[in-house]
Amino acid sequence: MSPLSPLSITRPLSYLRGQTVNFSPDDSGRNPRTGPGFTLEVLAHDGVPLPETHVRTAGTVTGLDVGRTTNIRFGSTMQHVKVRLTHHGRPANVAVLNFAGHVLLGKTMTVGPRIPEELAFHHTGIHSMEIIALEEDVLLSRLCFSRWPIPWW
Numbered sequence: 145m146s147p148l149s150p151l152s153i154t155r156p157l158s159y160l161r162g163q164t165v166n167f168s169p170d171d172s173g174r175n176p177r178t179g180p181g182f183t184l185e186v187l188a189h190d191g192v193p194l195p196e197t198h199v200r201t202a203g204t205v206t207g208l209d210v211g212r213t214t215n216i217r218f219g220s221t222m223q224h225v226k227v228r229l230t231h232h233g234r235p236a237n238v239a240v241l242n243f244a245g246h247v248l249l250g251k252t253m254t255v256g257p258r259i260p261e262e263l264a265f266h267h268t269g270i271h272s273m274e275i276i277a278l279e280e281d282v283l284l285s286r287l288c289f290s291r292w293p294i295p296w297w
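Residue numbering for the sequence shown follows my numbering, beginning at 145 and increasing consecutively.
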């Protein structure tokens with residue numbers, strides 16, 4: 145094989161860019177909810193899984209109602225995870241965890257009510273994410289994740 149041989153790509157380029165999930169339009173679905181490369185489960189204030197997940201609109205924002213807590217598990221280890229959240233009262237706390245369940249990074253929303261905010265996490269070994277909404281009034285509009293370094297993210 146020549147050193148100038150063409151590159152062989154066995155996966156689509158979207159795989160290299162990562163995955164983006166937009167939660168819209170309004171709908172209800174199973175809990176846990178499964179998508180390509182992730183599973184999420186929405187819990188009530190008492191830690192019990194809700195019977196269904198709900199994507200709803202509040203004002204101008206549409207997103208998945210995260211309940212009291214939403215746990216997102218990825219199908220493989222990620223290096224980059226980003227969420228777009230909007231709260232309508234108190235900001236949410238978000239953490240990414242490794243396979244053992246130890247917190248790698250944590251952030252708290254900093255913008256005011258009804259203003260979408262993106263929180264990005266960059267760390268090797270991200271296996272899951274936890275979103276905690278203190279007043280159960282937070283919407284998850286977008287979830288992005290990638291196994292590979294994405295410098296422009």
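All residues carry an ideal CB built from backbone N, CA and C; glycine is no exception.
Assigned with DSSP and collapsed to three states, asparagine 166 falls in strand.
Per DSSP, reduced to three states, the secondary structure at phenylalanine 243 is coil, with no helix or strand assignment. Counting only residues of its own chain and dropping the five nearest sequence neighbours on each side, asparagine 242 has a CB closer than 6 Å to the CB of Leu248, Gly269 and His271. If you look at methionine 273, you'll find it in the beta strand (DSSP E) that goes 261-276. The Cβ atoms of leucine 194 and isoleucine 216 do not sit closer than 8 Å to each other. Within the segment 204-248, not a single complete alpha helix (DSSP H) segment reaches 4 residues in length. In the DSSP assignment, histidine 189 falls outside any beta strand (DSSP E), carrying neither H nor E. In the DSSP assignment, glycine 179 forms a beta bridge with Phe182.
Within the DSSP secondary-structure output, glycine 173 pairs in a beta bridge with Thr197.
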